[in-house]
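Protein chains in written order, with this note's numbering: chain A, 237 to 517; chain B, 237 to 517.
Think of the CB as a built atom: it goes at the ideal place given N, C-alpha and C, for glycine as much as any other residue.
Below: one structure, written as structure tokens.
As structure tokens, this is what we get:
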């Protein structure tokens, strides 16, 4: 049983919103995460939706502003909100908002000074999954979603691990990081300048090469102030060329904020719940 | 037409979440507030729900964490989130979290140093109402609710102005401030030590003396860490003695946080919408 410390517990939609801390072997520091357990979890294990957050976020942003709990309670699934990087005094950082702490990019860094702690890919895929499965009443049906950098994380992690995830979606993902300033900078810093190591962290490339076993749901606001960096057109093109079932929905008038995320949170939770309950029944 | 400056606009549930600033004659400083306009407001004026926030809050807390927009969009009502006090360098303050900036208590201060700016009662009842009605597509059907200090504000403001408000509810209100350390300290500072001036700011006293024209909805968490300061038993007793239609619902397991507020936000929005749409049709 992994050792976790419960930092806070709040009753929410007849379930409970918890914030927990645990010593992470993968990241070499204590890591904080949040988990929402719906009321159905009192009767037995429930599916899990992983929500990966964007640049600058901690476990807290989507937990407080995403509006997922109401829908998770309705549909009987848990939601996990990991942090976006290791943190603390002994952890490398950068003055920029988009590198270092708060910007782990869901990769395993191979370059100094990031290599010792920045292993968010392994952390999310393996270690935190074990922690969650060991400590909470969840079953083996896991879906994954996320916003912006977290949408990138959700898509790339699912596409590389189809046996671990039954469903995948994203909110305004960084969809083609090998061709974007949101990506090239970070992949270069964390993985080095040999671009052949980058492709496994680009969902547009992964999707066109390997496809996905199910369908994919992506929402993207038409007035997103970061459209040029997100490059949803690359993902949409890859889906089309691959004949990949799924949809990239351009939502008129929406920007990159949590007002966008909360508006479509209900759609995504229902969509994952339908697929996860089906795979586990 | 009142002069307002739009600070931000975000599309949300097919409506728009705005944050605005305007010069307040009542408070003698610029004041910030938020307003959510549901999609129905594009077709014509809609009713308004006023949400008054608690100690330490600005217009932003409930706007981002309360989860009201989804329900307001469903039911076709606007929601206004005022600040909880005047703010700025020329405005008096106190080191305590529960006095001064962030703690206006919805009264008109008569004592120094608070008298010049701390006039949140008049600001909410009169000035901001005019600003909202002049600048946004709202009709004359106004309801009012709030949390903690804001629940106190909502109840006392409605009970004293039944012609201005068609519905009133509260989340964990400070229900008997003349008998609580959340109240006696502030009423003494803002209004002076003559307690005869305090009663018009105590909803338990007002309700027992005057009643309310409609029914009242109050939600209170059973595990609220501030129950001793909130004194819902005084309000429940006043309702009973007055034979006042309404309900004080003790919600098992809920605390004082926004997880409590967001859980019951849908109930309150639906409840107000039913009454406000009825009065205006």
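Quiz item: Within 8 Å (strictly less), CB to CB, does residue 301 of chain B reach chain A?
Solution: It does; some Cβ of chain A falls within 8 Å.
Quiz item: CB-CB under 8 Å to residue 301 of chain B, same chain, minus the five flanking residues each way: which ones, in chain order?
Solution: Only 494, 497 and 498 meet the Cβ criterion.
Quiz item: Is the CB of residue 499 of chain A under 8 Å away from at least one CB in chain B?
Solution: By this cut-off, residue 499 of chain A is an interface position.
Quiz item: From residue 426 of chain A to residue 331 of chain A, what distance separates their C-alpha atoms?
Solution: Between residue 426 of chain A and residue 331 of chain A, the C-alpha separation is close to 15 Å.
Quiz prompt | Where the beta strand (DSSP E) containing residue 254 of chain B begins and where it ends | solution = First-last of the beta strand (DSSP E) with residue 254 of chain B: 251 to 259.
Quiz item: Between the region 244 to 272 of chain B and chain A, which residues of the former have a C-beta closer than 7 Å to a C-beta of the latter?
Solution: Those would be 246, 247, 248, 249 and 253, in chain order.
Quiz item: Assuming residue 428 of chain A contacts residue 347 of chain A under a Cβ cut-off of 8 Å, what Cβ separation, rounded to an integer in Å, is found between them?
Solution: Contact flag correct, Cβ pair sits at about 5 Å.
Quiz item: So what's residue 418 of chain B in DSSP terms, helix, strand or just coil?
Solution: In the structure shown, the three-state DSSP call for residue 418 of chain B is helix.
Practice problem: At 7 Å on the CB atoms, spell out the chain A contacts of residue 495 of chain B, in chain order. | Solution: Listed along chain A, the residues sitting closer than 7 Å to residue 495 of chain B by beta-carbon distance are 246, 247, 248 and 253.
Practice problem: Rounded to whole angstroms, what's the CA-CA distance from residue 412 of chain B to residue 390 of chain B? Just pull it up for me. | Solution: Near 13 Å, if we compare the C-alpha coordinates of residue 390 of chain B and residue 412 of chain B.
Quiz item: In the DSSP assignment, what are the bridge partners of residue 452 of chain A?
Solution: Residue 452 of chain A is bridged to A:404 and A:482.
Quiz item: Going by C-alpha distance, which of B:481, B:405, B:344 and B:451 is nearest residue 263 of chain B?
Solution: Closest option to residue 263 of chain B, Cα to Cα, is B:344.
Quiz prompt | Cutoff 8 Å: residue 491 of chain B Cβ touching any chain A Cβ | solution = When Cβ-Cβ separations below 8 Å define contact, residue 491 of chain B makes contact with chain A.
Quiz prompt | With 16 other Cβ atoms within 10 Å as the buried cut-off, status of residue 454 of chain A | solution = Around the beta-carbon of residue 454 of chain A, 16 or more other beta-carbon atoms lie within 10 Å, marking it buried.
Exercise. Return helix, strand or coil for residue 503 of chain A, following the three-state DSSP convention.
Key: In this structure, residue 503 of chain A counts as helix in the three-state DSSP scheme.
Practice problem: Return helix, strand or coil for residue 368 of chain A, following the three-state DSSP convention. | Solution: Here residue 368 of chain A carries a helix assignment [DSSP, helix/strand/coil].
Quiz item: Helix or strand or just coil, what does DSSP make of residue 274 of chain B?
Solution: Reduced to three states, the DSSP call for residue 274 of chain B is coil.
Practice problem: For my contact list, residue 272 of chain A and residue 308 of chain A are in at a C-beta cut-off of 8 Å; report their separation, rounded to the angstrom. | Solution: About 6 Å; that satisfies the 8 Å criterion.
Quiz item: What does residue 278 of chain B reach in chain A if we use C-beta pairs closer than 9 Å?
Solution: Simply none; closest approach about 12 Å.
Quiz item: In this structure, does DSSP put residue 377 of chain B in helix, strand or coil?
Solution: Residue 377 of chain B carries a strand assignment under DSSP once its states are collapsed to helix, strand and coil.
Self-check item: Among A:402, A:406 and A:315, the one whose alpha carbon lies nearest that of residue 304 of chain A
Solution: Per the Cα distances, A:315.
Exercise. Would you please state the rounded distance, in angstroms, between the beta carbons of residue 313 of chain A and residue 508 of chain A? I believe it to be under 8 Å.
Key: With 8 Å as the limit, residue 313 of chain A and residue 508 of chain A qualify as a contact, their Cβ atoms being about 7 Å apart.
Quiz item: What does residue 310 of chain B reach in chain A if we use C-beta pairs closer than 8 Å?
Solution: Simply none; closest approach about 11 Å.
Quiz prompt | Complete beta strand (DSSP E) runs within the region 274 to 328 of chain A (minimum length 3 residues, chain order) | solution = Restricted to the region 274 to 328 of chain A, the beta strand (DSSP E) segments that are unbroken, complete and at least 3 residues in length are 282 to 288 and 314 to 318, listed in chain order.
Self-check item: Inter-residue Cα distance where the pair is residue 340 of chain B and residue 492 of chain B
Solution: Between the alpha carbons of residue 340 of chain B and residue 492 of chain B lies a gap of roughly 19 Å.
Quiz item: Do residue 383 of chain B and residue 505 of chain B have their CB atoms nearer than 8 Å?
Solution: Going by beta carbons, residue 383 of chain B and residue 505 of chain B fall outside the 8 Å limit.
Quiz item: When you compare each of A:335, A:328, A:295 and A:333 to residue 319 of chain A by their alpha carbons, which one comes out closest?
Solution: Of the candidates A:335, A:328, A:295 and A:333, the one whose C-alpha sits nearest the C-alpha of residue 319 of chain A is A:295.
Exercise. Please report how far the alpha carbon of residue 441 of chain B lies from the alpha carbon of residue 290 of chain B, in whole angstroms.
Key: Inter-residue distance for residue 441 of chain B and residue 290 of chain B is about 20 Å (C-alpha atoms, whole angstroms).
Practice problem: Quick one: give me the first and last residue of the alpha helix (DSSP H) that residue 440 of chain B is part of. | Solution: Run containing residue 440 of chain B: 439 to 446, per the alpha helix (DSSP H) assignment.
Quiz item: Roughly how far, in whole angstroms, is the beta-carbon of residue 465 of chain A from the beta-carbon of residue 416 of chain A, given that I think they are within contact range, below 8 Å?
Solution: Their Cβ separation, rounded to whole angstroms, is 5 Å, which keeps residue 465 of chain A and residue 416 of chain A in contact under 8 Å.
Exercise. Can you give me the start and stop residues for the alpha helix (DSSP H) that residue 393 of chain A sits inside?
Key: Residue 393 of chain A -> alpha helix (DSSP H) spans 385 to 396.
Self-check item: Alpha-carbon spacing of residue 392 of chain A relative to residue 512 of chain A, whole angstroms
Solution: Near 19 Å, if we compare the C-alpha coordinates of residue 512 of chain A and residue 392 of chain A.
Quiz item: Which one or two residues does DSSP pair with residue 266 of chain B in a beta bridge?
Solution: The secondary-structure analysis by DSSP pairs residue 266 of chain B across a beta bridge with B:259.
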